[in-house]
Amino acid sequence: AQKITQTQPGMFVQEKEAVTLDCTYDTSDQSYGLFWYKQPSSGEMIFLIYQGSYDEQNATEGRYSLNFQKARKSANLVISASQLGDSAMYFCAMRLIYNQGGKLIFGQGTELSVKP
Amino acid sequence: GAGVSQSPRYKVAKRGQDVALRCDPISGHVSLFWYQQALGQGPEFLTYFQNEAQLDKSGLPSDRFFAERPEGSVSTLKIQRTQQEDSAVYLCASSPGQGAFDEQFFGPGTRLTVL
């Protein structure tokens, strides 16, 4: 069975510092995609970054980077230079490429609080 | 351009009532997904449409849940005889193609409270 595990229910970070949010995944498929979404209090899921299972380089999008360690089955999100607006829930998700209709499998989420 | 919209944003129902939740995907998007997000949890998949065809409904929790997308655009999630455990945020997402590489764009969700 496919599963995403986020072991940090809540994290605090000082403004302008970097923070790492942990994500591990479990699948026997070789082809999959890993995603990170941000969910502010307004409720909408905002796509942040994507990593394909065959991508050799870690994905980066502005202040977001994904630390992909395939052998460990981990896909941690690194946010550099945290801003107050980064305070939100963060979800790691996985999508299988060849079956199950492309649905996303989400973790439990990590609530990030950025302190001024 | 307009994103995914959902209505109503908030719905309060008495136990046993039927409810209908609407999703307007981004125009032209082929794929449409429904997810259920309980308080403090990550979203869980309910069902998937490719155009008007419902290709996966494995996540629907019971036969009280029914979804349709008759013309391949707007979708409605219907819950019959609502129960308290149905209280959750219902998220709709659409994506332009049918491939798993396509980004899913989410709507703001409908928060359902069953009393």
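Chains X and F are the protein sequences, given in the same order.
Those letters in the first sequence? Residues 127 to 242, per this note's numbering, in order.
Those letters in the second sequence? Residues 11 to 125, per this note's numbering, in order.
Each residue gets a CB set at the ideal place from its N, CA and C atoms; glycine is no exception.
Name the chain F residues whose beta carbon is nearer than 7 Å to that of F173 of chain X? E113
Give the straight-line distance between the Cα atoms of S104 of chain F and L42 of chain F, rounded to the nearest whole angstrom. 4 Å
Between the stretch 89–99 of chain F and the stretch 215–223 of chain X, are three or more C-beta pairs nearer than 8 Å? no
Which residue's Cα is closest to the Cα of A197 of chain X: X:Q209, X:T186, X:S191 and X:Y180? X:Y180
Tell me T120 of chain F's beta-bridge partners as DSSP assigns them. F:Y100
Counting only beta-carbon separations shorter than 8 Å, does K196 of chain X have a partner in chain F? no
Through-space distance from K241 of chain X to L65 of chain F, alpha-carbon basis: 45 Å
Apply the 10 Å Cβ neighbour rule to V99 of chain F and answer buried if 16 or more other Cβ atoms are within range, or exposed otherwise. buried
Please tell me whether F43 of chain F has its Cβ less than 8 Å away from any Cβ of chain X. yes
With a threshold of 8 Å between beta-carbons, can D34 of chain F be considered close to chain X, or not? no
Taking 8 Å as the CB-CB cut-off, is F217 of chain X touching chain F? yes
By the three-class DSSP mapping on this structure, what secondary structure does Q47 of chain F have? strand
Answer yes or no: does any C-beta atom of chain F fall closer than 8 Å to that of Q234 of chain X? yes
Interface residues of chain X facing L70 of chain F [CB-CB closer than 9 Å]: Per Cβ cutoff of 9 Å: no residues; L70 of chain F is ~12 Å from chain X at best.
How should V124 of chain F be labelled, buried or exposed, when 16 other C-beta atoms within 10 angstroms of its C-beta is the threshold for buried? buried
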